[in-house]
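42 is the number of the first residue of the sequence shown in the numbering used here; add one for each residue after it. Accompanying notes for the structure given below.
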Amino acid sequence: MSRNYILAALVVLFAFEVSAQVRNDFDQDGKSDIVFTSTILTEIAWKSVPTMDGATAITENFGLVKDLTIPGYWKESASPSLAIVRLSGESLVWRLFDGSGEVKLVTFGKKGDLVIAGADFDGDMIADAATVREKNGKLIWKIRLNIFTDNFSDRSVSFGKSGDRVSYINYEGDKDWLVVFGKGPKPKKWAQLKLKNLLTGVIRTVKGFPKELAAKSRPRPLPISAADGEDIFLFVTQDESDTTFLTYSPDGVKLSSKSLVGLGFSVIGNYNTDALGEEILFQNNAKIRIYNPISNTVTEKDKVLGTPVGEIVFASPN
Ligand SMILES: [Ca+2]
Ligand SMILES: [Ca+2]
Ligand SMILES: [Ca+2]
Numbered sequence: 042m043s044r045n046y047i048l049a050a051l052v053v054l055f056a057f058e059v060s061a062q063v064r065n066d067f068d069q070d071g072k073s074d075i076v077f078t079s080t081i082l083t084e085i086a087w088k089s090v091p092t093m094d095g096a097t098a099i100t101e102n103f104g105l106v107k108d109l110t111i112p113g114y115w116k117e118s119a120s121p122s123l124a125i126v127r128l129s130g131e132s133l134v135w136r137l138f139d140g141s142g143e144v145k146l147v148t149f150g151k152k153g154d155l156v157i158a159g160a161d162f163d164g165d166m167i168a169d170a171a172t173v174r175e176k177n178g179k180l181i182w183k184i185r186l187n188i189f190t191d192n193f194s195d196r197s198v199s200f201g202k203s204g205d206r207v208s209y210i211n212y213e214g215d216k217d218w219l220v221v222f223g224k225g226p227k228p229k230k231w232a233q234l235k236l237k238n239l240l241t242g243v244i245r246t247v248k249g250f251p252k253e254l255a256a257k258s259r260p261r262p263l264p265i266s267a268a269d270g271e272d273i274f275l276f277v278t279q280d281e282s283d284t285t286f287l288t289y290s291p292d293g294v295k296l297s298s299k300s301l302v303g304l305g306f307s308v309i310g311n312y313n314t315d316a317l318g319e320e321i322l323f324q325n326n327a328k329i330r331i332y333n334p335i336s337n338t339v340t341e342k343d344k345v346l347g348t349p350v351g352e353i354v355f356a357s358p359n
């Protein structure tokens, strides 16, 4: 009995350790806040609603409509801060803000690059920046670890082929691995996913994803934390009226499927601490729903008057 007790205590400790950094948790209460931008003419303001109780905590004007807005743990800090990425001429400019305004400006990336945010490839709990571009049929990843700190460092990796969808995932529980998803050697049978550990160079290949997921309008596999602290993959697909959320384990096993009425924005975070793992905040023009794929629960909330934004970003500023 005592042995089981110790094991249970260890499990609790582990669960606490891995969930210590909660996405979008500006008030540090262990739950993701709803962070959203709203447009005032051509400028945007960002707002944060702490812990679903409806009160607005932070409002700050900071950017332009075309900027990418990316909250994240960009510095060594208990709470996240806000960054934007802006296309400036032929370059991408990353700007970090705190409560008093802009505190850092970094030029990283080029026009046309896909910007990737939300990943921590070296596992030191500080957000890293990445860009991907296609070159001669291959995908070239440029990664700047800890971009807004004084000891940033750069990596360049060729990983994936033209047409693959890129992503990342916390694969073994301590850091994010690069992910490419698309057609494999037998495209009529299955879709293929490859993972790469940036630091060790180890590559794993997973076959057996449904080939439909790699078809023309293929969704990107997004990382979402499961109950055990490691990530699983979320695929979001839409038809004319519904949005469907599918989850798969990193080894290609289907875990859940759920369709919700409406089209809209999806943001991943831990919005409901009663359900293990992360949830999807899904806002359409009527309301917000919070869906947990592991417990298969959906809760509802009034919509916010803006665009919800999250740490996990794959986009090109234009
Ligand atoms: Ca919070
Ligand atoms: Ca890092
Ligand atoms: Ca949760």
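All residues carry an ideal CB built from backbone N, CA and C; glycine is no exception.
* Would a C-beta distance cut-off of 8 Å place residue 352 and residue 127 closer than the cut-off? -> Against a cut-off of 8 Å, the Cβ pair of residue 127 and residue 352 comes out as no contact.
* Asked: Taking all protein chains shown into account, do 16 or more other C-beta atoms lie within 10 angstroms of the C-beta of residue 244, making it buried, or fewer, making it exposed?
  -> By the neighbour-count rule (16 or more Cβ atoms within 10 Å), residue 244 is not buried but exposed.
* Asked: Mind pulling the beta strand (DSSP E) runs of 3 or more residues that sit fully within the segment 201 to 275?
  -> Complete beta strand (DSSP E) runs here, min 3: 206 to 211, 217 to 224, 232 to 237, 244 to 250 and 263 to 266.
* To do: Using 7 Å as the cut-off, classify the Cβ of residue 118 as near or not near the heavy atoms of ligand 1, replying yes or no.
  => No, the Cβ of residue 118 stays beyond 7 Å of every heavy atom of ligand 1.
* Asked: Does any heavy atom of ligand 2 sit closer than 7 Å to the C-beta of residue 187?
  -> At least one heavy atom of ligand 2 is nearer than 7 Å to the Cβ of residue 187, so yes.
* **Element boundaries [beta strand (DSSP E), containing residue 332]** => Start and end: 328 to 333.
* Relative to ligand 2, is the shortest distance from any of its heavy atoms to the C-beta of residue 272 smaller than 7 Å? -> Not so, every heavy atom of ligand 2 lies at least 7 Å from the Cβ.
* To do: Could you work out which residue in 133, 176 and 223 is closest to residue 188 when comparing CA atoms only?
  => Residue 188 has its Cα closest to that of 133, out of 133, 176 and 223.
* To do: Give me the Cβ distance between residue 305 and residue 325, rounded to the nearest whole Å; I'm assuming they're in contact under 8 Å.
  => With a contact defined as Cβ atoms closer than 8 Å, residue 305 and residue 325 qualify at about 3 Å.
* Asked: For the beta strand (DSSP E) that residue 158 lies in, which residues bound it at each end?
  -> Under the DSSP assignment, residue 158 falls in the beta strand (DSSP E) whose first and last residues are 155 to 158.
* State the CB to CB distance for the pair residue 73 and residue 311, rounded to an integer number of angstroms; the pair is presumed to be in contact (CB under 8 Å). => 5 Å between Cβ atoms; contact.
* Return yes when the Cβ of residue 318 is within less than 8 Å of the Cβ of residue 356, no when it is not. => For residue 356 and residue 318, no; Cβs fall outside 8 Å.
* Simplified DSSP state of residue 301, which is helix, strand or coil -> Of the three classes helix, strand and coil, the one that applies to residue 301 here is strand, per DSSP.
* To do: Assuming residue 105 and residue 112 form a contact by the criterion Cβ under 8 Å, report the distance between their Cβ atoms to the nearest whole angstrom.
  => Actually they do not touch by this definition, with Cβ atoms about 17 Å apart.
* Can you tell me whether DSSP reads residue 283 as helix, strand or coil? -> Three-state DSSP puts residue 283 in a strand.
* Could you check which residue in 240, 225 and 144 has the C-alpha nearest to that of residue 184? => Ranking the options by Cα distance to residue 184, first place goes to 240.
* To do: Could you tell me which of 323, 212 and 155 sits nearest to residue 374, measuring between CA atoms?
  => Since the displayed the chain opens at 42 and closes at 359, residue 374 lies outside it and no answer follows.
* Per DSSP, residue 341 is paired with what? -> 330.
* Determine, using beta carbons only, whether residue 167 and residue 117 come nearer to each other than 8 Å. => The answer is yes: Cβ separation under 8 Å.
* Taking three-plus beta-carbon pairs below 8 Å as touching, is the segment 201 to 216 in contact with the segment 160 to 175? -> A contact exists between the segment 201 to 216 and the segment 160 to 175.
* Asked: In angstroms, rounded to a whole number, what distance separates the CA positions of residue 191 and residue 151?
  -> Roughly 22 Å between the two C-alpha positions.
* To do: For residue 225, collect the residues of the same chain with a Cβ closer than 7 Å to its Cβ; drop the 5 residues on either side in sequence, then sort them by chain order.
  => The residues are 231, 232, 233 and 248.
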